[in-house]
Amino acid sequence: MDAPLGLPILIGLIGVALAFDFLNGLHDAANSIATIVSTRVLKPQYAVFWAAFFNFVAFTVFGLHVAQTIGTGIIDPAIVDAQVIFAALVGAIVWNLVTWAAGIPSSSSHALIGGLVGAGFAKAGLSATVWSGLSKTVLAIVLSPVVGLVLAMILVAIVSWASVRSTPFAVDRAFRILQFASASLYSLGHGGNDAQKTMGIIAVLLYSQGHLGNEFTVPFWVVLSCQAAMALGTLMGGWRIVRTMGLRITKLNPMQGFCAETGGAITLFLATFLGVPVSTTHTITGAIVGVGAARRASAVRWNVAGSIVYAWIFTIPASAIVSALTFWLVSVLRH
Numbered sequence: 205m206d207a208p209l210g211l212p213i214l215i216g217l218i219g220v221a222l223a224f225d226f227l228n229g230l231h232d233a234a235n236s237i238a239t240i241v242s243t244r245v246l247k248p249q250y251a252v253f254w255a256a257f258f259n260f261v262a263f264t265v266f267g268l269h270v271a272q273t274i275g276t277g278i279i280d281p282a283i284v285d286a287q288v289i290f291a292a293l294v295g296a297i298v299w300n301l302v303t304w305a306a307g308i309p310s311s312s313s314h315a316l317i318g319g320l321v322g323a324g325f326a327k328a329g330l331s332a333t334v335w336s337g338l339s340k341t342v343l344a345i346v347l348s349p350v351v352g353l354v355l356a357m358i359l360v361a362i363v364s365w366a367s368v369r370s371t372p373f374a375v376d377r378a379f380r381i382l383q384f385a386s387a388s389l390y391s392l393g394h395g396g397n398d399a400q401k402t403m404g405i406i407a408v409l410l411y412s413q414g415h416l417g418n419e420f421t422v423p424f425w426v427v428l429s430c431q432a433a434m435a436l437g438t439l440m441g442g443w444r445i446v447r448t449m450g451l452r453i454t455k456l457n458p459m460q461g462f463c464a465e466t467g468g469a470i471t472l473f474l475a476t477f478l479g480v481p482v483s484t485t486h487t488i489t490g491a492i493v494g495v496g497a498a499r500r501a502s503a504v505r506w507n508v509a510g511s512i513v514y515a516w517i518f519t520i521p522a523s524a525i526v527s528a529l530t531f532w533l534v535s536v537l538r539h
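Given below as structure tokens:
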């Protein structure tokens, strides 16, 4: 293990991690609010407050299984040092900023995982990777949008059957109210899964510096800091991506918005309890495509959906490359 960091450097790295968490909330605000905004149930300025609140309180519902996976299940914690953490965060932040500027709903989670893999590889080669944890995460890239899509389609079928005797006005009014509940659940799942990724980064940094003793744990102040940073980012909103998620993939009504959010929320709750760091972006995108396809295949703008999938494919490799280059650049500057 390298020499312990000075306190200013340690605090600075924690600050960079919280900056990533803030950007995660900013980038992924669309995941929580796109459907409820696009159906005009809530105005954007109210929707972000709603989502931010449930992002913050998520730690009261979920355990810290995802933080454990990120902290110890992607790269070997024994090789983690300040340079690895810094490079991983730079890789994730750069990719987040690029996709945010382009309005592309890529995964902040997978950008962070790519950053960790790239930095770990740059320091110790392939032996740094914990393949069991990484393979579980890669499998979730495929499964989370598929599960979200299937659940959303099933929910559309169920609520359509249950509403067959009701007037369109009554259905619209009922699901406008129900969307408050489904948006809350999705925001809760988003805060529960995504904020834990930064918790894992900060905790493994503290562990590598001997501040957690011999056992990997997540201090409560880290939990509160990460939930607050994500909630604040959500509060700022990622409006470019909201437009892509809520309007460009397919047109949503309140009933479809409810089904998309509920299907996505179920997927996130399940993944978080299992400790799988899934992409909230992938999950809600799959659910939105599912409700559109349940109406008719042509209701989905497949070219938009396809461009999103391309971003998913490139996220981990791109952030890993930026991270590895950052690690090597810092090594050169240090020597």
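Per my numbering, the very first residue in the sequence shown carries number 205; after that it's consecutive. Glycine included, each C-beta is placed from N, C-alpha and C at the ideal position.
To the nearest angstrom, report how far apart residue i and residue j are at their CA atoms.
| i | j | result |
| --- | --- | --- |
| Gly461 | Tyr250 | 17 Å |
| Trp299 | Ile317 | 12 Å |
| Val534 | Ala323 | 11 Å |
| Pro481 | Gly490 | 16 Å |
| Asn411 | Ala238 | For the record, residue 411 in the displayed sequence is Tyr; it is not Asn. Distance between the alpha carbons of Tyr411 and Ala238 is about 37 Å. |
| Cys430 | Val368 | 44 Å |
| Gly319 | Leu246 | 35 Å |
| Val536 | Ala286 | 15 Å |
| Leu222 | Pro372 | 45 Å |
| Trp532 | Thr476 | 34 Å |
Among the options, which one has its Cα closest to the Cα of residue i?
| i | options | result |
| --- | --- | --- |
| Tyr514 | Phe379, Ser388, Ile345 and Cys463 | Ile345 |
| Ala433 | Val536, Leu343 and Gly395 | Gly395 |
| Leu359 | Ile517, Val368 and Ala464 | Ala464 |
| Arg499 | Phe518, Gly467 and Met459 | Met459 |
| Ile215 | Thr471, Gln413 and Val495 | Gln413 |
| Val176 | Arg538, Ala262 and Val526 | Beyond the ends of the chain as shown, which are 205 and 539, falls residue 176; an answer cannot be given. |
| Asp376 | Val363, Leu343 and Ala387 | Val363 |
| Trp233 | Ser312, His539, Trp425 and Phe379 | One point to set straight first is that residue 233 is Ala, not Trp, in the sequence displayed. Taking only the C-alpha atoms, the option nearest Ala233 is Ser312. |
| Ala497 | Pro281, Ser391, Cys430 and Ala361 | Ala361 |
| Asp398 | Ala435, Trp365 and Ile381 | Ala435 |
| Leu330 | Ala524, Ile289, Leu537 and Val294 | Ala524 |
| Phe290 | Pro248, Ala306 and Phe224 | Phe224 |
| Ala296 | Ala255, Ile381 and Asn228 | Asn228 |
Taking its Cβ as the centre, do 16 or more other Cβ atoms sit within 10 Å of residue i, making it buried, or is it exposed?
| i | result |
| --- | --- |
| Glu419 | exposed |
| Leu456 | buried |
| Gly219 | exposed |
| Val252 | buried |
| Leu478 | exposed |
| Ala292 | buried |
| Leu230 | buried |
| His486 | buried |
| Pro349 | buried |
| Gly210 | exposed |
| Ser386 | buried |
| Arg538 | exposed |
| Thr273 | buried |
What does DSSP give as the partner residues of residue i in its beta bridges?
| i | result |
| --- | --- |
| Thr333 | Ile279 |
How many whole angstroms separate the CB atoms of residue i and residue j, which I take to be in contact at a CB cut-off of 8 Å?
| i | j | result |
| --- | --- | --- |
| Thr471 | Gly352 | 5 Å |
| Met403 | Val422 | 5 Å |
| Leu416 | Phe258 | Not quite, the Cβ-Cβ distance comes to about 29 Å (not below 8 Å), so this is no contact. |
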